[in-house]
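Visitor:
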Amino acid sequence: MCYLVGYAVKPVVTFNPNWDKIFTTESLTMTCNVGKPIPADMSYTWYKNNNPIHTGQSYEIRSAKEDNSGNYQCKGSNMEISDSVSLDVSHRWVILQAPLYIHEGDDVTLRCHHYPGYSGGRTIFTKDNTVIRYWGSDSVFRITNISIDRSGKYTCTKEVYGGRQEYSEVSISVKELFRAPEIKVKSNRVLEGDHMTLTCDTKSFTDLEIKASANPIEEGDNITLTCLTRPSLFISATEVQFAFQRNGQNVQEFGSSSKYGILFAKLEDSGYYICEVRRSSNRLTKKSKEINVQIRELFSHPEIVTNPDFPREDNRIILTCNTSINTLRNDIELQFAFYQNEKKVQKCNSSHQYIIPLAQLEDSGNYSCEARTLYKGMKKRSAVVSVVIQ
Numbered sequence: 001m002c003y004l005v006g007y008a009v010k011p012v013v014t015f016n017p018n019w020d021k022i023f024t025t026e027s028l029t030m031t032c033n034v035g036k037p038i039p040a041d042m043s044y045t046w047y048k049n050n051n052p053i054h055t056g057q058s059y060e061i062r063s064a065k066e067d068n069s070g071n072y073q074c075k076g077s078n079m080e081i082s083d084s085v086s087l088d089v090s091h092r093w094v095i096l097q098a099p100l101y102i103h104e105g106d107d108v109t110l111r112c113h114h115y116p117g118y119s120g121g122r123t124i125f126t127k128d129n130t131v132i133r134y135w136g137s138d139s140v141f142r143i144t145n146i147s148i149d150r151s152g153k154y155t156c157t158k159e160v161y162g163g164r165q166e167y168s169e170v171s172i173s174v175k176e177l178f179r180a181p182e183i184k185v186k187s188n189r190v191l192e193g194d195h196m197t198l199t200c201d202t203k204s205f206t207d208l209e210i211k212a213s214a215n216p217i218e219e220g221d222n223i224t225l226t227c228l229t230r231p232s233l234f235i236s237a238t239e240v241q242f243a244f245q246r247n248g249q250n251v252q253e254f255g256s257s258s259k260y261g262i263l264f265a266k267l268e269d270s271g272y273y274i275c276e277v278r279r280s281s282n283r284l285t286k287k288s289k290e291i292n293v294q295i296r297e298l299f300s301h302p303e304i305v306t307n308p309d310f311p312r313e314d315n316r317i318i319l320t321c322n323t324s325i326n327t328l329r330n331d332i333e334l335q336f337a338f339y340q341n342e343k344k345v346q347k348c349n350s351s352h353q354y355i356i357p358l359a360q361l362e363d364s365g366n367y368s369c370e371a372r373t374l375y376k377g378m379k380k381r382s383a384v385v386s387v388v389i390q
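Going left to right, the sequence shown walks through residues 1 to 390 as the UniProt record's numbering numbers them.
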């Protein structure tokens, strides 16, 4: 049983030993867990069946009596009251004990317990009237990595004093720790390089979703994928691990970080993203549905064009760097640079042309151009074009 480590909105009541039923004459201690750090001036009040009965963080029942049965709650100062938990104190021959809280992924032990001071014999266990373990000497039944479909009515029958067979039953409802994830997207039309945030939100571990928000995404901006969680009262924040995938491939392995960052958005960062959350203390893992994030090109790769096509010595040659800007961002200003044999022959400026007034043989070479944005330094280089002066 794990509860929230860190400030809890409401306390959680735990039992030691962790059984929902005990016999008369047995003892049990209840604890009011309020998370850490605990304020020095924290005070506690205990309630049974809505009536105050005790102050202090723990409430101990020694040599229990049947009238100790009831619904218990606790409250810390300046906090909400806890959820109600039930204690059953029995004077029967046999009780079937279960943990106070059962969540999917837990390893659960059920104990067919006979009254102290008497001998017990063989035990049989059933679930919903179907035998799940035949007569044997072991008085406990263990369920590893319990799932929600294991909820139901469990019964044990035990041989007790004088060869009698006595039974007890318990209804188990396995609680969901967090639901299957759901994806929501505000915009899936994204420009490469833009800032993008994908959010994997578990909302108190009752919902899990991955969100993408764009404003919009353009080449050169950072991308941050974030899994936001507000853990339930039954799981420590340190137990939660996060992972991200794109197109079925891990882009971030499970770890404590809820963020995945891309420093420079590129077209190849497009794809189908999911976030995955797991509880590190067991095998419980759930994924979101996938979300299709398409990063749209801010401007196309430039192409360099020469005019004339077959230049001659002393001709005027114009090299033009052609590119097209995404229609969503007509406000983008580009600058252009030109290279001959990888040496810059024209520095970045607003002109998309490089002019050679009187071509000479030494102007022959491999030319390329580069287009870049002013406000974020996003740049793209053209393919090389061979210019031969005849």
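Think of the CB as a built atom: it goes at the ideal place given N, C-alpha and C, for glycine as much as any other residue.
1) For Lys344, collect the residues of the same chain with a Cβ closer than 7 Å to its Cβ; drop the 5 residues on either side in sequence, then sort them by chain order.
2) Please go through the same chain and pick out, in chain order, the residues whose beta-carbon is closer than 6 Å to the beta-carbon of Ile317, but skip the five residues on each side of it.
3) With distance defined between alpha-carbon atoms, name the residue in Asn315, Phe23, Thr373, Glu303 nearest to Ile332.
4) Can you pull the DSSP bridge partners for Asn307?
5) Taking the alpha carbon of Val34 as the point to measure from, which residue in Glu60, Ser43, Ser27, Leu28 has its own alpha carbon closest?
6) Go ahead and pull the three-state DSSP assignment for Gly105.
7) On the three-state DSSP scale, how would you describe Tyr161?
8) Assuming Ser364 contacts Ile304 (C-beta within less than 8 Å), just tell me the rounded distance between them.
9) With DSSP as the reference, label Asp128 as helix, strand or coil.
10) On a CA-only basis, which of Gly261, Tyr272, Ser151, Phe244 is nearest Glu104? Give me that one, please.
11) Grab me the residues of Lys48's own chain with a C-beta within less than 6 Å of its C-beta, minus the 5 sequence neighbours each way, in chain order.
12) Give the straight-line distance between the Cα atoms of Ile291 and Ile38, rounded to the nearest whole angstrom.
13) Could you please give me the residues that DSSP links to Tyr260 through a beta bridge?
14) For the beta strand (DSSP E) that Trp46 lies in, which residues bound it at each end?
15) Using CA coordinates, which residue listed in Ile295, Thr31, Tyr154, Ser90 is at the minimum distance from Pro116?
16) Measuring CA to CA, which of Lys287, Asn50, Glu176, Gly76 is closest to Ala243?
17) Taking Cβ to Cβ, would you say Gln241 is nearer than 8 Å to Gly255?
18) Check Ile143 in the structure and name its three-state DSSP category.
19) Please list the terminal residues of the continuous beta strand (DSSP E) segment that includes Phe338.
20) Just the Cα atoms here: how many angstroms apart are Gly162 and Thr155?
21) By DSSP, does Thr24 sit in helix, in strand, or in coil?
22) May I ask you to report which of helix, strand or coil DSSP gives Glu253?
23) Pick out whichever of Asn330, Cys348, Leu319, Asn247 has its Cα sitting closest to the Cα of Asn366.
24) Roughly how many angstroms separate the alpha carbons of residue 401 and Ser257, rounded to a whole number?
25) Which of the three DSSP states, helix, strand or coil, is assigned to Asn215?
26) Within the same chain, show all residues whose beta-carbon is closer than 6 Å to that of Ile389, passing over the 5 residues directly before and after it, in chain order.
27) Please classify Asp41 as buried or exposed, where buried requires at least 16 other C-beta atoms within 10 Å of its C-beta.
28) When you compare only the Cα positions, how much space is there between Ser171 and Thr109?
29) Run the CB neighbour count on Tyr59, radius 10 Å, all protein chains shown included, and call it buried at 16 or more, exposed below.
30) Measuring CB to CB, does Arg133 end up less than 8 Å from Ile124?
31) Let me check understanding here. Comparing Cα to Cα, which of Gly56, Arg92, Lys10, Thr14 lies closest to Thr25?
32) What do you get for Arg189, buried or exposed, if any count of 16 or more other CB atoms within 10 angstroms of its CB means buried?
33) Cα separation between Gln335 and Thr323?
34) What separation, rounded to the nearest whole angstrom, lies between the Cα atoms of Asp269 and Ser168?
35) Give the single residue among Asn50, Tyr272, Val85, Val385 whose Cα lies nearest to the Cα of Gly248.
36) Among Asn51, Gln346, Asn78, which one has its Cα closest to the Cα of Ser84?
Guide: By the coordinates alone:
1) Working through the sequence shown from its first residue, we reach residue 344 at position 344. Ala337.
2) Reading the sequence shown from its first residue, position 317 is the one you call residue 317. Closer than 6 Å at Cβ, skipping near neighbours: Pro311, Ile356, Ala359.
3) Within the sequence shown, numbered from 1, the residue matching residue 332 stands at position 332. Answer by Cα proximity: Thr373.
4) To locate residue 307, count along the sequence shown from 1; it is residue 307. Partner(s): Ile318.
5) Numbered from 1 along the sequence shown, position 34 holds the residue referred to as residue 34. Ranking the options by Cα distance to Val34, first place goes to Ser43.
6) What you label residue 105 is simply residue 105 of the sequence shown in a count that begins at 1. Gly105 falls in the coil class under three-state DSSP.
7) On the sequence shown, position 161 is the one that residue 161 refers to. Three-state result, Tyr161: helix.
8) To locate residue 364, count along the sequence shown from 1; it is residue 364. To locate residue 304, count along the sequence shown from 1; it is residue 304. Incorrect: roughly 15 Å between the Cβ atoms, too far for contact.
9) The residue you call residue 128 lines up with position 128 of the sequence shown. Asp128: coil per DSSP, three-state reduction.
10) The residue given as residue 104 occupies position 104 in the sequence shown. With distances taken between Cα atoms, Glu104 lies closest to Ser151.
11) If you number the sequence shown from 1, residue 48 lands on position 48. Taken in chain order, the residues that qualify are Gly70, Tyr72.
12) Position 291 of the sequence shown, counting from 1, holds the residue named residue 291. Position 38 of the sequence shown, counting from 1, holds the residue named residue 38. Computed Cα separation, rounded: 41 Å.
13) Residue mapping note: residue 260 aligns to position 260 of the sequence shown, counting from 1. Per DSSP, Leu225.
14) Along the sequence shown, one-based indexing puts residue 46 at 46. 44-48 is the extent of the beta strand (DSSP E) around Trp46.
15) Sequence index remark: in the sequence shown, residue 116 carries index 116 (1-based). Checked all of Ile295, Thr31, Tyr154, Ser90; the closest Cα to Pro116 is Ser90.
16) Along the sequence shown, one-based indexing puts residue 243 at 243. For the residues Lys287, Asn50, Glu176, Gly76, the minimum Cα distance to Ala243 belongs to Lys287.
17) The residue given as residue 241 occupies position 241 in the sequence shown. The residue given as residue 255 occupies position 255 in the sequence shown. A contact, by the Cβ cut-off of 8 Å.
18) Position 143 of the sequence shown, counted from the start, is the residue given in the question as residue 143. Reduced to three states, the DSSP call for Ile143 is strand.
19) Your numbering for residue 338 matches position 338 in the sequence shown. Counting along the chain, the beta strand (DSSP E) containing Phe338 begins and ends at 334-340.
20) Position 162 of the sequence shown, counting from 1, holds the residue named residue 162. Position 155 of the sequence shown, counting from 1, holds the residue named residue 155. Answer to the nearest angstrom: the Cα atoms are 21 Å apart.
21) As a working note, residue 24 is residue 24 in the sequence shown. Thr24 falls in the coil class under three-state DSSP.
22) Here the question's residue 253 lines up with position 253 in the sequence shown. Glu253 falls in the strand class under three-state DSSP.
23) Translated into the one-based positions of the sequence shown, residue 366 becomes position 366. The shortest C-alpha separation from Asn366 is found at Leu319.
24) The first residue shown for the chain is 1 and the last is 390, placing residue 401 beyond what the model contains.
25) If you number the sequence shown from 1, residue 215 lands on position 215. Residue confidence is low: Asn215 scores 48 on pLDDT, short of 50, so the model does not pin down where it sits. Its coordinate-derived value is still stated next. It is coil, neither helix nor strand.
26) Taking the sequence shown and counting its residues from 1, one reaches residue 389 at position 389. Closer than 6 Å at the Cβ level, and outside the excluded window around Ile389, lie Pro311, Glu313, Ala359, Leu361, Asp363, Ser364.
27) Here residue 41 is taken as the residue at index 41 of the sequence shown, counted from 1. Exposed: under 16 other Cβ atoms inside 10 Å.
28) What you label residue 171 is simply residue 171 of the sequence shown in a count that begins at 1. What you label residue 109 is simply residue 109 of the sequence shown in a count that begins at 1. C-alpha separation (whole angstroms): 14 Å.
29) Working through the sequence shown from its first residue, we reach residue 59 at position 59. Classification for Tyr59: buried.
30) Here residue 133 refers to the residue found at position 133 of the sequence shown. Here residue 124 refers to the residue found at position 124 of the sequence shown. For Arg133 and Ile124, yes; Cβs fall inside 8 Å.
31) Here residue 25 refers to the residue found at position 25 of the sequence shown. Checking every option, the nearest Cα to that of Thr25 belongs to Arg92.
32) Taking the sequence shown and counting its residues from 1, the one referred to as residue 189 is at position 189. Any reading at Arg189 must be qualified, since the residue scores a pLDDT of 49, below 50, and its modelled position is unreliable; no value is offered.
33) Position 335 of the sequence shown, counted from the start, is the residue given in the question as residue 335. Position 323 of the sequence shown, counted from the start, is the residue given in the question as residue 323. Distance between the alpha carbons of Gln335 and Thr323: 11 Å.
34) If you number the sequence shown from 1, residue 269 lands on position 269. If you number the sequence shown from 1, residue 168 lands on position 168. Approximately 58 Å, taken between the alpha carbons.
35) By 1-based counting over the sequence shown, the position of residue 248 is 248. Residue Tyr272 is the option with its Cα nearest to Gly248.
36) Taking the sequence shown and counting its residues from 1, the one referred to as residue 84 is at position 84. Comparing Cα positions, the closest option is Asn51.
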